[in-house]
Every structure is written in structure tokens, then in C-alpha cells.
Amino acid sequence: DVKVTQSSRYLVKRTGEKVFLECVQDMDHENMFWYRQDPGLGLRLIYFSYDVKMKEKGDIPEGYSVSREKKERFSLILESASTNQTSMYLCASRRPSGSYTQYFGPGTRLTVL
Amino acid sequence: GESVGLHLPTLSVQEGDNSIINCAYSNSASDYFIWYKQESGKGPQFIIDIRSNMDKRQGQRVTVLLNKTVKHLSLQIAATQPGDSAVYFCAERTDNYGQNFVFGPGTRLSVLP
Chain U
1 DVKVTQSSRY LVKRTGEKVF LECVQDMDHE NMFWYRQDPG LGLRLIYFSY
51 DVKMKEKGDI PEGYSVSREK KERFSLILES ASTNQTSMYL CASRRPSGSY
101 TQYFGPGTRL TVL
Chain D
1001 GESVGLHLPT LSVQEGDNSI INCAYSNSAS DYFIWYKQES GKGPQFIIDI
1051 RSNMDKRQGQ RVTVLLNKTV KHLSLQIAAT QPGDSAVYFC AERTDNYGQN
1101 FVFGPGTRLS VLP
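Respectively, the protein sequence lines represent chains U and D. Position one of the first sequence corresponds to residue 1 (my numbering), numbered consecutively onward. Position one of the second sequence corresponds to residue 1001 (my numbering), numbered consecutively onward.
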């Protein structure tokens, strides 16, 4: 079974703090994704990476950056957290070809005070 | 689909009944769709997918129907069980590489005893 893990289930930070969200997958997938999920809205893509050190902006990249130094690890960085970044953050991975199925982690619920 | 709103639609069904969850998608050129299930406190989990060259696809206790004329997708769950209680949402592929999907806001399914 594919396993995608996220470093924290719950996180509380203060406005202006730098926040790191870590995601690790164990299936050697090339593609990894970061989404945010807000009540009543669909998942929105923040960034994705199709290989080590490669990244592409998604639909809502403002206020975020990412890092992919190793294939299994994809980090989401909030350079200066703001209250409107309070959300559920979901990481996903998939193979680059064949099935388009994305395997999701359990999510990190971030609260910015 | 990409209907955006603050309130998550809810469907309540009796245990043992069939459930039908609907989704409207936005792009008539979309050629691939996925249904996900998200249980409380967990990340989304793949249920079933369908390509636009099909009208219907069946899995174990689930059936997805695609009506391209009206851009509508439905998920049917047979003999609904308490373990089916979750949020269900559809996703439509928006690029040829499978990197980008538009996710619907979801429908909360509650199974009554």
C-alpha cells in the first residue's frame, strides 16, 4: 500500500512565523502535490513537483513556496504565516504515467493566530 | 465540478438503501474523472474513475455514471453501510498530463441506522 505521511496533524502558529509542512511518500512516486482544503470549497492546488528539485505553481501559490530535495519528500513553506492561511493542508503523490490516481496523506490542520 | 459555496450539501440515507451523489463539472473538454471518499480526520481516498469515452463504470458496490451532454457525473453506492459515511467529491482532469484536477466541494453522506 502507498503510504503518504505528513509531519503534523495539527499545528498552531502565530502571524508572521515561518512554517514548514513536511510530506513523505514511500512508493518512489515522481509526482507530488500540495493542496489546501477549506470548508465548502474543493481542494485547491498550491504547488506540485514532477521530480527532484522541479516545481510548478498551482492555482494559489501566493504566500507559499516548496522544496523537493529528495524524491520521497516534498515540503510546503509559509514564509510569513497569515490568518488567511488557516486551513487543512493535504499532500499527495502519484506515478507520472498510467493511473492518474493521487494518494493523499492524512492532512495537517494549520491554525494561524 | 467547480461549484463553489460555503455550505456542504448533505445526503442522509437509511442503512441498506442506495445512495446517489451528484456532481456537475465545468469543462466540456474534460476527459477523465475521479470520485474520492474522505472520512473524518483522513485524507481523500480513490474510489473509482471513468474516462469520457464511457457512460458507466462499475466497481464493488459503486457505479459511476457520466452524462457528457449535461456535464454531470453521479456516484451510486448500493446497500449503503455505516462505513460509507464520509464526504464524497468528484475531480475532473484539466490537463493532458494528469497533473491538474479541479475538485468539487463535496457532498457529506450520512448513513442512518
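C-beta atoms are modelled at their ideal positions from N, C-alpha and C, and glycine is treated no differently.
Please state whether DSSP places Ser-59 (chain U) in a helix, a strand or coil. Reading off the sequence shown, one finds Asp at residue 59 (chain U), where the question assumed Ser. Note: Asp-59 (chain U) maps to coil in three-state DSSP.
Distance between Ile-1048 (chain D) and Gly-1059 (chain D) (C-alpha atoms, nearest Å): 7 Å
Just to confirm, are Ser-45 (chain U) and Leu-110 (chain U) a CB contact at a threshold of 7 Å? The sequence given here has Leu at residue 45 (chain U), not Ser. Cβ distance not < 7 Å, so Leu-45 (chain U) and Leu-110 (chain U) don't count as in contact.
Cβ of Gly-1106 (chain D) within 6 Å of any heavy atom in the ligand MG? What this structure holds is no ligand at all, so the ligand MG is not there to describe.
So which residues on chain U does Gly-1083 (chain D) lean against when the C-beta distance must stay under 7 Å? In chain order: nothing, as chain U lies at least about 18 Å away.
Who are the near neighbours of Tyr-1025 (chain D) in its chain, counting only those whose CB is closer than 8 Å to its CB and skipping five residues on each side? Hits under 8 Å: Gly-1001, Glu-1002, Phe-1033, Lys-1071, His-1072, Leu-1073, Cys-1090, Glu-1092, Val-1102, Gly-1104.
Under 7 Å between the Cβ atoms of Tyr-1088 (chain D) and Lys-1042 (chain D)? Going by C-beta atoms, Tyr-1088 (chain D) is not nearer than 7 Å to Lys-1042 (chain D).
Contact residues within the region 53-64 of chain U, judged by C-beta distance below 7 Å to chain D: none
Using 8 Å as the threshold, is the region 69-77 of chain U in touch with the region 15-34 of chain U, meaning 3 or more CB pairs across them? yes
Is the shortest distance between the beta-carbon of Leu-1008 (chain D) and the beta-carbons of chain U less than 7 Å? yes
Could you check which residue in U:Ile-60, U:Lys-53, U:Lys-3 has the C-alpha nearest to that of Asn-84 (chain U)? U:Ile-60
Beta carbon of Leu-90 (chain U) nearer than 7 Å to that of Tyr-35 (chain U): yes
Exposure of Asn-31 (chain U), with buried meaning 16 or more beta-carbon neighbours within 10 Å: buried
Under a Cβ-count criterion, where at least 16 other Cβ atoms within 10 Å of its own Cβ denotes burial, should Gln-6 (chain U) be classed as buried or exposed? buried
Can you tell me whether Arg-1108 (chain D) is helix, strand or coil according to DSSP? strand
I'd like to know if Phe-1033 (chain D) contacts chain U, where contact means its C-beta is closer than 7 Å to some C-beta of that chain. No, Phe-1033 (chain D) lies away from the interface with chain U (no Cβ there is under 7 Å from its Cβ).
Using alpha carbons as the reference points, say which of D:Ile-1021, D:Asp-1017, D:Thr-1063 lies closest to Ala-1086 (chain D). D:Ile-1021
Distance check for Lys-13 (chain U) and Thr-86 (chain U), CA to CA, integer angstroms please. Thr-86 (chain U) and Lys-13 (chain U): Cα-Cα distance of roughly 9 Å.
If the cut is a Cβ gap below 7 Å, which residues of chain U does Asn-1100 (chain D) touch? Leu-45
Once you ignore the five residues that flank Trp-1035 (chain D) on each side, which residues in its own chain have a CB closer than 7 Å to its CB? Ile-1047, Ile-1048, Val-1064, Leu-1075, Tyr-1088, Cys-1090
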